[in-house]
Every structure is written in C-alpha cells, then in structure tokens.
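First to last, the protein sequences are chains L and C.
So the first sequence is numbered by full-length UniProt numbering: it starts at 1 and just counts up by one.
So the second sequence is numbered by full-length UniProt numbering: it starts at 1 and just counts up by one.
Where a beta carbon is used, it is the ideal one built from N, C-alpha and C, also for glycine.
Protein chains: 2
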Amino acid sequence: MGSIDTTLPHPFDPLSREEIENTILTVKKAHGDVYFNVVSLQEPRKAEMTAWLEDPVNAPRPKRLADVVVIAPGGKVYDGLVDPAKSEILSWEWAEGQQPIITMEELQLVEHIVRKDPKVIEQCKISGIPEEDMNKVYCDPWTIGYDERFGSNVRLQQALMYYRPELDNCQYQYPLDFCPIYNADKQEIIAIDIPKIRRPLSKAPAFDYHPAAIEARGGFRDNLKPINITQPEGVSFKLSGREIEWQNWKFHIGFNYREGIVLNDITFNDQGNVRPIFYRLSLAEMVVPYGNPEHPHQRKHALDQGEYGAGYMTNSLSLGCDCKGSIHYLDAEFPTRVGGVRKIKNAICIHEEDAGILFKHTDFRDDSVIVTRGRKLIVQQIFTAANYEYVVAWTFHQDGTIQPEIKLTGILNTYAMDPDEDTHGWGTQVYTGVNAHNHQHLFSLRIDANVDGPNNTVYVTDAVPGEAPVGSKENFYGNAFYNKRTKLATTGEAKTDYIAQTSRTWEICNPNKLNPYSKKPVSYKLVSREVPPLLPKEGSLVWKRAAFARHSVHVTKYRDDQLWPAGRHVPQTSGEPSRGLPEWIGDGTESIDNTNVVLWHTFGVTHFPAPEDFPVMPAEPMTLLLRPRNFFARNPVLNVPPSYASTPSQLLAKGQGVYDAADKLSKLAFEVPKEVDGEGVSGAGMVLVVRLMVLAARVVGASEREAL
Amino acid sequence: MGSIDTTLPHPFDPLSREEIENTILTVKKAHGDVYFNVVSLQEPRKAEMTAWLEDPVNAPRPKRLADVVVIAPGGKVYDGLVDPAKSEILSWEWAEGQQPIITMEELQLVEHIVRKDPKVIEQCKISGIPEEDMNKVYCDPWTIGYDERFGSNVRLQQALMYYRPELDNCQYQYPLDFCPIYNADKQEIIAIDIPKIRRPLSKAPAFDYHPAAIEARGGFRDNLKPINITQPEGVSFKLSGREIEWQNWKFHIGFNYREGIVLNDITFNDQGNVRPIFYRLSLAEMVVPYGNPEHPHQRKHALDQGEYGAGYMTNSLSLGCDCKGSIHYLDAEFPTRVGGVRKIKNAICIHEEDAGILFKHTDFRDDSVIVTRGRKLIVQQIFTAANYEYVVAWTFHQDGTIQPEIKLTGILNTYAMDPDEDTHGWGTQVYTGVNAHNHQHLFSLRIDANVDGPNNTVYVTDAVPGEAPVGSKENFYGNAFYNKRTKLATTGEAKTDYIAQTSRTWEICNPNKLNPYSKKPVSYKLVSREVPPLLPKEGSLVWKRAAFARHSVHVTKYRDDQLWPAGRHVPQTSGEPSRGLPEWIGDGTESIDNTNVVLWHTFGVTHFPAPEDFPVMPAEPMTLLLRPRNFFARNPVLNVPPSYASTPSQLLAKGQGVYDAADKLSKLAFEVPKEVDGEGVSGAGMVLVVRLMVLAARVVGASEREAL
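This is the structure in structure tokens:
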C-alpha cells in the first residue's frame, strides 16, 4: 500500500514557475523563438481525476500537463500539449485561421506604434492635437471583435483613442473620434476608421478624481471615523496547499489566465459525511456588447475572458485596501511573451467577514430568544479590463449557500461627442463632450455539478397558481399555488430563459438520492435575479459570436476540455459557425438526465450610463445564489454558537443558565447619562432583567407600565 | 423675527410618553373605560409641514395630534383625533363594521382561553393530548383574515394550535390539526374548524435548536475565531433629536405602531445645495398568503402590518447581538390596552458598516491606481410576527443610493401531517409529521417622492433592442439597444408589472430640472429584482383583500392620510370592495404627471419550504435599490478619502507624493517566512516598490521576470 506524496503539487494546482519554465524550454528547443501566448495547466481528465480523488493513495496520480499556445514568426498559431516533467511535447497543431487570446504585453505595444504612425498623427491634427503632443495621445487597444473587411487570418487590434492634456489626467474624458486598426504581426497601423461627422477634441476643463484634483476642489471629506476590523486570534480557515477548509466547506482554489479563480472539488462535511456539491465552478466567459449601431461601434463587444483573460488582467491586491481584517493571498504566475515568467503577487485574496444575523427567533409569549451571527468566507480577485474593473467574489456561507458576486467599478468606455449633440438614445452625455454608450455586462457562470455524486438532472422550477379556478372545489378561495418542476431531459430542452413572473429558478438535483423528510431529490438551486437577455438581436454579430448569452441557462453533458462557452480561441471569431456551446449542444437531442451535467448560466446587468458614473463609477454589485434545497436533512448551522440564547424555563428560573456571548466590544454610539428611574440603563444584561420583569408582570390584561 | 424652540418635539417625532398619557386621560375623561388600540402621532398635514420645513422660524409649527382608536365595551370601535396639549378631542367617530389592529395583548389572551375551553380540550384529546397536559398546548392567534361565516362585525381570531412536550421544546414541530375561532369581545371560543381527515399529534422526537439541544447532539462548533469590529473614535453620524446627519444625508427617523420605522424629509447635501429626495419612506403594508387551498388554510394570509403592526411587534434589540460596532438605539412607546404606556427599549438600532470597495481603477499601462473603501449607514428594526422574524434594514450609501433590505428568519408556519402523507404540492414535509405550506412574503414599499422638489413624474423604463432589423442601414450589425422610457401619466397607466425581459425599472423624475450633462430629468430609479407577482388568482380572497399586491407598482397623487394601501382598519376586511389603493385610484383617470406622487412598490419572495428551513431558518435576504440617475452632475463620492492612490507622474517620481492610507490593522492571515530572494515580502509598501520596478522595467517586449 502506498502513501500520498505531499511534496507534489495537487493535480488542480496551477503550473508552478518551474513547470512553466520547463515547458517554455521544451518548446523553444523544438520550435525556436516563438511568442508565448499561453502556458497553463491542462486540467486532469475527469475520469482519472475522480478516481484519484476517491483513492489518492492507490489510484494513479493524474499527470501534470501544460496547455500551450504560441505564435510563431509570420503569425502562425500553434496549440500544443507538453509534459513539463519529461520535457516532452505530446501534441503540436497549427490552429489555422484562429487567433488566440491577446496578452497584456500585446496590448501595451499598440500605444507606442499608434503614436508614431503618420496617418494617426494626421488624424490627431484634424482632432486638434499638434504633432509635438503625440506623447499625450493614448489608446485602449481592443481585439477587433470581428470586422468582415479583415477576417480572422490577420491578428488585429482596434485602438480606441484618447488624449491627456497632462500626464495625470484621466484620458477617458478626452476621447478622439477615429479608430486605427493595428496589425499585430507586422506591428503597424493598417487602416483608420474615420467617422463622417468629425468631432474635435473636447475643450472642456479636466475633471479628475486623483487626490490633487480633489484637493483643488475643496479636499477630502474629514467626517469618516475609522471602523477597525481585527482578528486577534487569526482566521477560521485552514489551507493545505491551495485546498481550503472552512465551516464544513472544503475546496481547491485554482487560477488560470482565462477564467481567473477556479474552484474545484467543492464538498461540504455534513455531520461527518463529506458530500460533493460541485466538481468545478468558474466564470467561464463574458461579453460586454455596446448598443450604438453606428460603425465602428458594433465592434465594441468585448468577450473579456476569451479575448484578454480574467487571469492575465488580474490586479496585484494590497493589504488593507481591497479588503480588511486578516487576509491570505495567493500569487499567480504566467509566461511572458518571449518566454520568461511573470508573477502577479497577491492575485487572490481570501478572508472572512461577519455576515450579520444568521438566524433569530423570539417567542412573543415570553421573549425567550436566540440570536446567532453568521460568518462568510470570500475568495476574491479584481481584474482590470482597460477602463472597467471587475471585483469577483466567491462567497461561501455557513448554511451551504455559495454566492458569486461581481462588483463593477472603474471607468466608462467613452466616445467623443460635440457638446449637445443628439446621442439618439444610444448613449448618454456624462460630461461635456463625453458620450458613454449603452452596454451590457453578461457573464457565463459554469457549474460542473456533482450534487451528492456525479449523476445529476436539472429541473426548471416555476412558482405558479393552482390550475383550478376560483370558486371550484379544488381552489375555492383561489389561493392555491405551487412549485412546478419541469425536467430538462435534453440539451435542447435545457435552453431556458429567466421568467420573473414565475420567480423561475433551476434545480440541480441528484435523482438517485431523496431527502429523508421532503422525499424530494437532494438539490442545489440556482436563484438568480439579475438576468437580462442579450439585447443584440438574433442574427446580430454579437448574437453569433457570444452564443452562450442567448439563453439564461444551457445544460450540457460533461466532456473534458469543454470549458469555455465561446470557444477556445475567441478573438476574431466570426460567429459563423458559432463556437463553443452551440457546437457542443448540436441538434439538442443528447440526454442530460441523470448524468454528469454542466450548467451554464448567463447573468449580468444592462447599463445605461449617467453622469453619476463619471469620472469613475461607484461600485455596482450583482449577485446570485446557489442554495441547498432538500439537500440537508435540516438547517446545517444550528451548532454555530449564538450571541445570546434564553429558553422559557431559564426565564422562569430568573435567567439562570441563559447563554450570553454577546459581543462585549460593541459600544453605545453616544454616552447616555444614567436616568434616575433606571430606564436609561442599557446592554444585554439589563435587557434580560427587563425581559424577566415583563415576563413576571405579564398578567392577563395588566398594563405593562408598572412592570417597566 | 422668531426663533426655533428646540425644546419642542420635532413635528415628525412619535408621540412622547406625556402626549400618550394626556391623550389617554382626555379620552378616559370623555368616554370612560375603553380598550386603547392605537394612540399614535397623526403626521402633520403635508401643506403645513412643508411650509414649516421651508421656514421653521416664521411658519406656524404644525400641531401635535394623536390618532386614536379604541374599543368600547360591547366591541364598538371608535376613531378619534385628540390634541394632547389642550386635552381636547377634535373628532370622535364610530368605525362601524370595522376591526382595528390586533394588539400584542389581545394576542396573548387567546392561549389562556383556549387551554380552558372544553371543546378545545376535547379536540386535544382526539389528537392524543390528555386534559392534564393542556398547559402544554399553545396557540399562535392570528386575525381570522376573513371568513364569510362570521363577517366583520364580531372581532375574531383564529388559533393555530401547537403542543410542547416540554416547556423548552419548539412548538412548531408539534402542530395540531384543528383551529379554534375566538371571539375577542366575549373572550370565548365560538367555533372549531376540524378537518375531515384527522392527524394525531406527532410522535417524532423533538428536534430543537436551543443550546441544551445542541449540546445533546454534540455541542457548538469551536472553530470560529472572533472578528472584532470597533470604532475607537466613535461614529460618523450626528443626531439632533431624531434627525440624523451622515455623509451628506439628513433625515428624520420616526416610528409608529403600524409601519415601524418611518423616514421623513430625506435630503442630500450636494456640495452645499441641500436637495430633497423623498418626503417619506416606509414599509406600508405586507401580505403573506399561503398556498394550500384546503379549508381553513385559505385564511392564512397575514397582512402583518395592518393586522398586527410592525411597530407593536418590534423586538427590543441587544448590544453586540443584533449588530456589532458602535450602536445608537431609539426606544418606542405605545399605549397598553387599559391605558398605560409600554416602552420597547432599543426598538431601532443605528450603526455604520464598512461597505467594501466604493470605487477602484488601475491604469493597465503603469499600474497607477486608486482604491477607495465605502461606508454604509443602517437604520434597522426586527419584528416578530408569531413564527417569523423580519429584519428590516434601511441602508444608506455614500453615493446617494438607498437600499431597503429585509431578511427573513425565524420559524416556518407549520401544519400537522401524517408521516408520508401526500402534501399535494401545497407544502413540504420539513420534519416527520410537519407540513410547511407554500407561501409568499410581499411587501409594499411606500415612496412619497420629493425628487428635487415636490412635482415629480414616474416613467417606466425598459431595456429594448433597436427597432430596425439586422442588416438595415440603421442597425446593420443588430447591436442597437436603448432605454425606452414610458411616462405613467395617470393612476390607471401606472399599474405596472415587473418584466425581467426588459430589466424593467421605474424612474421618479423631476421633469422641471434637467441634468446639466445628460439633459435628462433628474431622477431616482427603483431597481428591484425580487418582484414575484401575487400568486393567488384574480378574484381570490387574498387578491381582493391585498389589492396593493396586484401590481409591482402603483402610483397615486399624494393626499394626507393615504398611508396604508390595504386601508386603515385591515382585520376582517372582506375585500368587497377592496380597501386602500383601489379606492384612491378609482377609475384611474387622475393625472399623476408633474405633481406630488406616491409610488407603491410590491416586492418580496415566494417560499417553497425545505428541510433546510427547519427548525429555524437561516436568514434569507431580499433587497432593492433607490439609485440616483441623472440626479447628480457627477459621482458624488469622489472626495471620500481613498485607501491608496497613485498617479502616473508620482510613479515616474519613484512614488513621491503617493497617497497611502491603507488600513494598518489588516494583517496577513498566516506568518509568511521571508524568502531570500525578496519575493515573499508583502504589504502595500512593498507592492508599491514592485509596481515601480515593473514600471521601470516595462520596456517593450522585455520579459518582466528580470524586473521581479
């Protein structure tokens, strides 16, 4: 019998620096100097991995493999698979006509090229910027999305143009009206899209948000007293490598260039019984379509994860800034373009927060009460997609709920407008000369289900009135309503949309296990209310490219490598045919009943900008819940220690035995002078005394005044 | 010229103890011994009040008046209006055929009567409870709702019956199957509803949640380390009487027996310009319909605020239990039945919380960054409606957003079932022999608008695709979408429902004031996503009685005393005709354009119980936002001091001048041993150094590895 070698990386761990380096060396040796686009863990094949998870001592340990994408000289793209331990290339394929993810380094290059391009300089002059000020010209390079004039074979970026009068000005308040097209292979500008109506550079005064600008406008407010959050005894979670344990939860925290945080093998210890819930959770893709139909704004529909990567764009987080309390950080490492390794320090933060009241009940008869406070665990990253920031928090609750939450902040994408120009409803003037276009943020949450085992079935559930009419024997008073459950038996049936009218939810059930009391299958329920439909029309460019966003929910049968619903290589896909989900779903006849299912959920917001969003946006949150329903035999948080608990018998015994663990650091906000009649006395102890007096005096019909 | 007498109560203040006492004395003098049902502030007539608010020095101070409801011997109900200062009754009217709110004292009485009633004792015997155990029989008395057999003239309650084997058992796990009807005037049981199929008392073992029960099942978990929240310099809000000022907000905090917390005269100081937003905000009514159509369960549809009162049922809160940090409390005082005064100590708590990231942006070019943390102010109460608790939090954000939030906790209403009996989908077996019926919680948020002045107009706004088809000149790529605004010009047009498909919101606009940049009317937007429709059918008893819940939004023109949308006296209304909103809306032709409008918003949840909710429910939150849109000229929180801010020029100057106010109390969760190569060093300072090194080394095409 063997034992587990704890010096080895967990099979879900991201590639180590050494593994990345070995992979790069191996590729270089075989293929010479290439640009490294991706060197990332190929996650273990599920069959192998589940065998190992079940028996890590005896089952073969899944191999560590590197998924590699490179761009060879001349722009040829190769997909490879490398065994870093053996320095062996297992496969190597030309990805013909496909464009892989745009790296941060590729993005950084464009601005330098743009500033030197004579045609761009000429356009800047037309906008009112003299040639000597070209160092004040900036651009946010975006993948071109798809432009039928150029197709997919040439690697392109479009440069959204801005200007900064001074180095510290925010450039988004000075958008320029033209859009250069950049050829990444040749590192040159190959075209410029110029609107028919020209809009010169705005002459509005700069309106910035950096400290000097605030000082010049009157300074910071000084009326916020500190709120200190401290954990003198440390945190309540444990980490073993990247596996975390907290409040019956256990899961592995992965990270990749594409999705950022990936949570694997999520289980809940249900009174000693370790029950699997999800095999893998991630934000697998997103799309941000803009709603202005005028050319070339239709190209603004960023599939940020497939096109730039939520990992590649992630922030290095700072202690005491992005979160407070006791924080644990995990770093991320990625290849650089020419074959180095870059580390993003503090790419992920992990911390706990007080979660307010977990449960409370008071008996109105005698004021016997229990009040218990909750706690949550947050695994978070923040990524910057040019102008926008996405704060992605995976929140775990003690009661078995998982709550992904995304906060939007950062800066609006802006376009030039003449002051008081009609935006035709496609955008809003948020500052003089600044047009912020309508847009959506739609995310694809990928849920690889494992609810009490790998074989699950998804039901759509609708709250509906009883069928029988008012006045009928079955529904005389008309109050009947129930939870209508509809099985999604095939991938075709599973294309479903949110309906508010029925408070629609989706249940991921294990039909093979019933709750002992309700006799309903154990399940996790997707409760999601921020579910706008994709507003670009059927047949539109966005609709074709971001097919995952056509429905609120899709369900597929699990297959290795079907991870990203807009496809593996997203930049410059035409959507003909649509990549990813539509390919996997095919004719929709595949059974997804009682098998390993993956649920893809589209959620997000539609954003019509307003001046409140300028020059930087107050964070706008959106969230959803994955809730256990009929999963546990009972409330799983009953043994969380309460703040205070009293029972009827304890109150009769004048408070003897009452459980009092109220937070002793909490204070009254203001000094309250003691009143002579005793009414001014406060604190949990006094409240108890008052309760007892009320109880004692609660004689039928008596005034309580005397008691108090 | 006069001056403001600060010794007088604010006209919005609840009646003082003295005013309640004077009112009671005045009434007793004129009418003898009566039962006091309500003695509560009649809020000032709005015309008078706004005149005074505009010029408190010279305008006449609105009179303090007491709204009085009493029940005279024989059950006759009187509505009165009393001037407590002058001890004068201004009006006195018989409320014929109407039943006022049921007080806590009236509720408490029923259990004593029930235990002694021979017919109830007989039914208990049938259930399996011997007569000597009648002290173990409990009931939750509810108003009867409406039962056509008894009408509205006799004051009734229905007694939902339970049993406790031991004093400290939770009775909701032992429901009994019959339902006595109680006559409140005669204090006797006048009927018992007995089901055709009898269900004897459950023999299942008790499953409790009090500390002794948890101890017996293995004890409390011991793996939660404390999270301390302290405010050593005190709070950031100021109170003058019941007027609070915090982060540019100012408002008055009222409280009444019916709605609980009432917020009045809400303004925001916009850079010295005090701008009104809402004249009054409250939860004005709610209904909890149950979905089991079998008699007599149709009677379970509590209109908790109109029938029992969110003020009367409110909890006395405890420091360090219901919230943590520095807390300020406000008490509440109410009349007792026979004419005393009872005080609920700590009825309202007020505190601040850290609100996470308020805004953040990093420039991907150079990692110049600003990150600013937010703060929120919470004004909260918790009320216990028999089995359920409602945690009602009014949250104010620095950015002008108001976020009402309700958390549901407490215990499910339960009914007896034979083990494994078919619940027919109307309920769920949550524990052996315990059937928890489907139900909804629907709340009516009353918004008395004053958005930059009293004359407002409501628009419904829908996110919709552009009309032109894909391929057309106007929408060639099909990506056009916009915010379609539809004016609600009359009360009839304003009956509108939530539509998820268009991410529907409602804008309360001031059409007389335009945003200087967007040129759109200044507005507050209702963003609400937990908006189930009323599931009882049109024409059903609930539909008739709780007419406010028929639509997501109603809008009326303001009139004094139109406060509660199910009417003034709610118990035992038949719904024929429907009281409240339908009366005020009438034929729906009244103009609500550019006038003082009141928006009534129905929101809530539909709850299909599950064993996870038993024996006590983990808190389930629901929330909505009132957001400024086109109200401010720009982001109103720019001057909140950041945690950290650096600009490009500061980074070029090697960090000189960088703003660093990162929270110094935050710590790394685990000790990190210092690595020799320096990579293990952490903290904001080091991150800055790393950033600078990255910036310095960011030469086009260079590997970042060397820099790190």
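Residue range of the alpha helix (DSSP H) that residue i falls in?
i, result
"histidine 112 of chain C", "104-116"
"proline 648 of chain L", "648-652"
"aspartate 304 of chain C", "304-307"
"valine 542 of chain C", "541-545"
"histidine 31 of chain L", "17-31"
Whole angstroms is fine: what's the gap from residue i's alpha carbon to residue j's?
i, j, result
"valine 531 of chain L", "alanine 500 of chain L", "9 Å"
"histidine 569 of chain L", "aspartate 67 of chain L", "13 Å"
"valine 522 of chain L", "asparagine 515 of chain L", "6 Å"
"alanine 59 of chain C", "tryptophan 52 of chain C", "5 Å"
"leucine 281 of chain L", "aspartate 448 of chain L", "6 Å"
"serine 649 of chain C", "asparagine 639 of chain C", "20 Å"
"threonine 602 of chain L", "tyrosine 517 of chain C", "33 Å"
"arginine 579 of chain C", "proline 44 of chain C", "23 Å"
"isoleucine 277 of chain L", "valine 542 of chain C", "39 Å"
"glutamate 96 of chain C", "valine 338 of chain C", "22 Å"
Please list, in chain order, the chain C residues whose beta carbon lies closer than 9 Å to that of residue i.
i, result
"arginine 375 of chain L", "Leu224 and Ile227"
"methionine 104 of chain L", "Phe364"
Is residue i buried or exposed, if buried means 16 or more other CB atoms sit within 10 Å of its CB?
i, result
"histidine 424 of chain L", "exposed"
"arginine 198 of chain L", "exposed"
"glutamine 247 of chain C", "buried"
"threonine 26 of chain C", "buried"
"asparagine 438 of chain L", "buried"
"arginine 375 of chain L", "buried"
"arginine 446 of chain L", "buried"
"glutamate 675 of chain L", "A caution first: glutamate 675 of chain L carries a pLDDT of 48, below 50, which makes its placement in the model unreliable, though a value can still be read off. Looking at its Cβ environment, which holds fewer than 16 other Cβ atoms inside 10 Å, glutamate 675 of chain L is exposed."
"threonine 6 of chain L", "exposed"
"alanine 216 of chain L", "exposed"
"valine 137 of chain L", "buried"
"valine 274 of chain C", "exposed"
"alanine 159 of chain C", "buried"
"valine 82 of chain L", "buried"
"valine 57 of chain L", "exposed"
Identify the contact partners of residue i in chain L, using a Cβ-Cβ distance below 9 Å as the criterion.
i, result
"asparagine 630 of chain C", "Thr428, Ala610, Pro611 and Glu612"
"glycine 655 of chain C", "Going along chain L, no residue has its Cβ under 9 Å from glycine 655 of chain C, so there is no contact; the nearest lies around 14 Å."
"glycine 575 of chain C", "The contacting residues do not exist; glycine 575 of chain C stays about 11 Å from chain L at best."
Ends of the beta strand (DSSP E) at residue i?
i, result
"residue 709 of chain L", "No answer is possible for residue 709 of chain L: the residues shown for chain L start at 1 and end at 708."
"lysine 63 of chain C", "Taken as a continuous stretch (DSSP letters only), lysine 63 of chain C belongs to no beta strand (DSSP E), as it is neither H nor E."
"isoleucine 585 of chain C", "Premise fails: isoleucine 585 of chain C lies in the alpha helix (DSSP H), 581-585, not in any beta strand (DSSP E)."
"isoleucine 406 of chain L", "402-410"
"alanine 449 of chain C", "439-449"
Under 8 Å, Cβ to Cβ, is there at least one residue of chain B near residue i?
i, result
"isoleucine 126 of chain C", "Here chain B cannot be found, since the structure's protein chains are L and C."
Quick one: which chain L residues come within Cβ less than 7 Å of residue i?
i, result
"glutamine 501 of chain C", "Pro533"
"asparagine 670 of chain C", "As written in the sequence, residue 670 of chain C is phenylalanine, which differs from the asparagine given in the question. What phenylalanine 670 of chain C touches in chain L: His328."
Name the chain L residues whose beta carbon is nearer than 8 Å to that of residue i?
i, result
"glutamate 474 of chain C", "Pro293"
Run down chain C in chain order and give the residues with a C-beta less than 8 Å from the C-beta of residue i.
i, result
"threonine 7 of chain L", "The premise fails here: threonine 7 of chain L is roughly 17 Å from chain C at the closest Cβ pair, so nothing lies under 8 Å."
If the cut-off is 8 Å on Cβ atoms, which residues from the segment 64-85 of chain L count as contacting chain C, listed in chain order? none
At a CB distance below 8 Å, what residues from the segment 522-554 of chain C approach chain L? Give them in sequence order. Arg529, Glu530, Val531, Pro532, Pro533, Leu535, Pro536, Lys537, Glu538, Gly539, Ser540, Leu541, Val542 and Trp543
Name, going along the chain, the residues of the segment 305-328 of chain C whose beta-carbon falls closer than 9 Å to a beta-carbon of chain L. Met313, Asn315, Ser316, Leu317, Ser318, Leu319, Gly320, Cys321, Asp322, Cys323, Lys324, Gly325, Ser326, Ile327 and His328
At a CB distance below 9 Å, what residues from the segment 342-365 of chain C approach chain L? Give them in sequence order. Arg342, Lys343, Lys345, Asn346, Ile350, His351, Glu352, Glu353, Asp354, Ala355, Gly356, Ile357, Leu358, Phe359, Lys360, His361, Thr362, Asp363, Phe364 and Arg365
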